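Using numbering that gives the first Met the number 0, the letters of the sequence shown correspond one by one to residues 0 to 394. Note sheet for the following structure.
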Amino acid sequence: MDIKFIGSGAAAKALTYYVSDYITKNELQVHVGLQAIRAAMDSHRKHFMGDVEASSTVCERNLLTKAVNAMMGRRKVSHQQVMSYLIGGGDYYTSHEFHTIQFYEFIDIVLLHELHIDGDCDCGAQAGADCPGNVCGSMCMAHASDDTLSVVLEPLDYTMHPTMAPFEEMCLWQFWEQMQKVKRTGSNTDMALEKHTVHENDATGSAAKHPAYSCRFRVPFADPMHLQFSTHKLCMCNTFVMPILLGESIPLPRKVDWHMEEFCRAMLLLFSFDAYHFGASASSIISNFLIELECRDARDVVWDEYNKKTPWGKDSSDFRVQKASGFDVELLKEALILDLDLDQTDQCESESQLSGDLDDQSGAVLPQDELDIIAMLRALHGNLKRHEHSNTFDG
0 MDIKFIGSGA
10 AAKALTYYVS
20 DYITKNELQV
30 HVGLQAIRAA
40 MDSHRKHFMG
50 DVEASSTVCE
60 RNLLTKAVNA
70 MMGRRKVSHQ
80 QVMSYLIGGG
90 DYYTSHEFHT
100 IQFYEFIDIV
110 LLHELHIDGD
120 CDCGAQAGAD
130 CPGNVCGSMC
140 MAHASDDTLS
150 VVLEPLDYTM
160 HPTMAPFEEM
170 CLWQFWEQMQ
180 KVKRTGSNTD
190 MALEKHTVHE
200 NDATGSAAKH
210 PAYSCRFRVP
220 FADPMHLQFS
230 THKLCMCNTF
240 VMPILLGESI
250 PLPRKVDWHM
260 EEFCRAMLLL
270 FSFDAYHFGA
280 SASSIISNFL
290 IELECRDARD
300 VVWDEYNKKT
310 PWGKDSSDFR
320 VQKASGFDVE
330 LLKEALILDL
340 DLDQTDQCES
350 ESQLSGDLDD
360 QSGAVLPQDE
370 LDIIAMLRAL
380 HGNLKRHEHS
390 NTFDG
């Protein structure tokens, strides 16, 4: 392993957050990937339009290169990683496994419950009772793979988890970290429950030492009202996973009072279960949360300082460097700028043609797309450089 010293201060924290955000990044969104491929195909078609001499191999390689460059511009993936995936080397580059969680659903449930307790809810339910449907959430996700359909009901999975050790005392973070939902098989459920009950004390002790279970017992949900009660069970994972929380970012608590309230609500929801104290493991994770939030805040500060130092920072916001969390679908074709070099066009011919069009206003042709604009800008830049060079010699 190559270990390098990155220094200290805000820049080091920003780099730490960038690396953490990179290895836990979400999958490329479908519409973004499709638009990137479409942009690559449009550029490929324009380049080989009317070209009868290019072989099919050249065309296919050019299209593959353009598609890879277009998607890499959105994912920040290196050529080495792409080539490793194409030759069967895989695309997994971390020592941990990550699991995406719809954490915003749990936050919404808590907020609705608080409104109901305060009397600000118009559900019509009796005082002290939960609003109908609020405790179960309002959304679910479905994933299709290998001719199967898997439904994700995370609020239901936790609120209706088994009421026996070690499941009954799990906080929300531990549940995501250690639990796995699997399909029911032909095995007898009562036998599995009996086996678990006999060795309950041993299983509880093993859970505190190591996440691996030799018997891999499976337990049904506690409530038959669960939508997957008859088709799925819960079991312990052989290896702990790292939850990735989706939703609004948890704020740094030291800035304002309402940030502190949001941070405390999130930590209690994740780690406290039914008590208001945290164990040693939960306290360590919360400390890591604080470090991550400080690094994210430093990232924002570094971006702002960099934008202020740029020549155009005070004049135009269009050219300001975007934050890593920002996203703009309209900038997809910027990934194809380097593809102009792959096309091996005659730059001199392009420059002379464009300069002639600029000199002769009657024959001027408006650019049709982004590639034409890029070519025109390059031509103008070349003309400016030659003009400066000639003035130097004349002087």
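Quick reminder that beta carbons are idealized off the backbone N, C-alpha and C, glycines included. Since this is a predicted model, take the numbers as computed values, not measurements.
With a CB to CB cut of under 6 Å and the five nearest residues on each side skipped, what residues in its chain are close to residue i?
i	result
A297	A9, K12, A13
M259	P252
D189	In this predicted model, D189 has a pLDDT of only 42, less than 50, meaning its place in the structure is not dependable; the value taken from the coordinates is given anyway. Counting only Cβ-Cβ distances below 6 Å, and skipping sequence neighbours, we find nothing.
A39	K65, A66, A69
E261	P250
A265	I249
I5	A11, L14
F174	Y157
A281	F270
I397	Not covered by the structure: residue 397. The range shown for the chain is 0 to 394.
F228	F220
Among the residues of its own chain, which have a CB less than 8 Å from the CB of residue i, if the five just before and after it don't count?
i	result
L171	F105, Y157, L268, L269, F270, F272
Y16	E291, C294, R295, A297, R298
F288	I249, M266
C58	H43, F47
P161	E167, V218, P219, F220, A221, L233
C263	P252
Assuming residue i and residue j form a contact by the criterion Cβ under 8 Å, report the distance between their Cβ atoms to the nearest whole angstrom.
i	j	result
E176	V240	6 Å
H225	L155	6 Å
V218	M169	Contact flag wrong, Cβ pair sits at about 12 Å.
G246	F102	5 Å
Using CA atoms only, rank isn't needed, just tell me which of the options is closest to residue i.
i	options	result
Q179	E96, R264, P223	E96
L85	L63, I100, G49	L63
R183	F174, H231, I108	H231
L244	P165, V300, I100, D107	I100
P242	H98, A53, S280	H98
C236	I285, I284, S283, P165	P165
Which of the three DSSP states, helix, strand or coil, is assigned to residue i?
i	result
T99	strand
V31	helix
R295	helix
H258	helix
Q227	coil
C263	helix
C58	helix
R217	strand
I106	helix
I243	strand
V181	strand
K232	strand
L155	helix
V51	coil
N287	helix
F174	helix
D222	coil
M169	coil
K3	coil
H46	helix
A164	coil
N237	coil
S282	helix
R253	coil
H276	coil
S248	coil
I36	helix
Buried or exposed: residue i, going by 16 or more other Cβ atoms within 10 Å of its Cβ?
i	result
V255	exposed
L110	exposed
V18	exposed
V181	exposed
A35	buried
V301	buried
K3	exposed
What does a CB cutoff of less than 7 Å around residue i pick up in its chain, not counting 5 residues either side in sequence?
i	result
G32	M70
M159	F220, A221, D222, H225
W257	none
I53	Looking at the sequence provided, one finds Ala at residue 53 rather than Ile. Around A53: F47.
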